[in-house]
């Protein structure tokens, strides 16, 4: 196994880690994905029966064709999942938002991967650590 430097780990984290992009709690996705699929399928099953409820009793041919055309012309409901965003893109978006809202100066918000290292540069020789 290759030992990675902290900088490499951070870069990989920004590329591979994901964040929920549409503002929902990431743990709630387990329940909400199922709930949304269920709601769409239920609505798609309910629509034809609601349209046919008009035709109870004696069926008139003109009315039946009108209901059939209306049901055929209506698109079924749909729902699809959206992928989460990479952490680097998420952080960059948050920094841009802070600048846009005026809570931080633009100079303080370099993109996360291009940010220079923090702290003062070493000006002394750490030779005493080499033993």
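Residue numbers (this note's numbering): 79 to 209.
Note that beta-carbon positions come from the ideal geometry of N, C-alpha and C, so glycine has one too.
| query | result |
| --- | --- |
| Residue closest to residue 123, alpha-carbon to alpha-carbon, out of 152, 133, 182 | 152 |
| Residue interval of the alpha helix (DSSP H) (run including residue 147) | 139-151 |
| Segment contact, 8 Å Cβ cut-off, at least three pairs: the segment 89-107 with the segment 147-165 | yes |
| Assigned secondary structure, residue 134 (DSSP; H/G/I helix, E/B strand, else coil) | coil |
| Short Cβ contact (7 Å threshold) for residue 176 with residue 169 | no |
| Contacts around residue 126, its chain only, beta-carbon distance under 7 Å, and the 5 residues preceding and following it disregarded | 149 |
| Sub-7 Å separation of residue 157 and residue 114 beta-carbons | yes |
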